[in-house]
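In our numbering, the protein residues as written are 1356 to 1443.
Think of the CB as a built atom: it goes at the ideal place given N, C-alpha and C, for glycine as much as any other residue.
Computed from a predicted structure; not experimentally measured.
Quick notes on the structure that follows.
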Amino acid sequence: MYATELTIGDHAYLLRAGTDERGVLDELTAAVRAGGGVVELPAGAPNSPRSVLISPGVPVFIERIPIPDDPPTPDDDTGEDAYAEWAF
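Structure (structure tokens):
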């Protein structure tokens, strides 16, 4: 199983499970070819679509992020703080 993350410029959006990735890519491509346009994204939460303005030159990435079948347990802890690099 995986989650789908769509990154447009500097903003990342988590797409709802079952989203037609090819359909989203086709809409984004059509907006770029038209010189820019607004695309409705199916958001991660039901009934909360997001509108994004797409224009030529804006980087867009779709990434599949694997989700482990089993949730992590305390025994899985490596002892390292995954967010230590973000600490000030």
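One Cα belongs to valine 1379, the other to valine 1393, and the distance between them is close to 12 Å.
Residue ranges of uninterrupted alpha helix (DSSP H) with 4 or more members, entirely inside the region 1365-1422 and ordered along the chain, are 1376-1388. Looking only at Thr1384, Leu1408, Ala1389, Val1387, the smallest Cα-Cα distance to glutamate 1395 is reached by Leu1408.
In this structure alanine 1358 is in contact with isoleucine 1420, their Cβ atoms being roughly 5 Å apart against a cut-off of 8 Å.
Sequence-distant partners of glutamate 1382 (beyond 5 residues in either direction) whose C-beta falls short of 7 Å from its own C-beta, in its chain, are Val1394.
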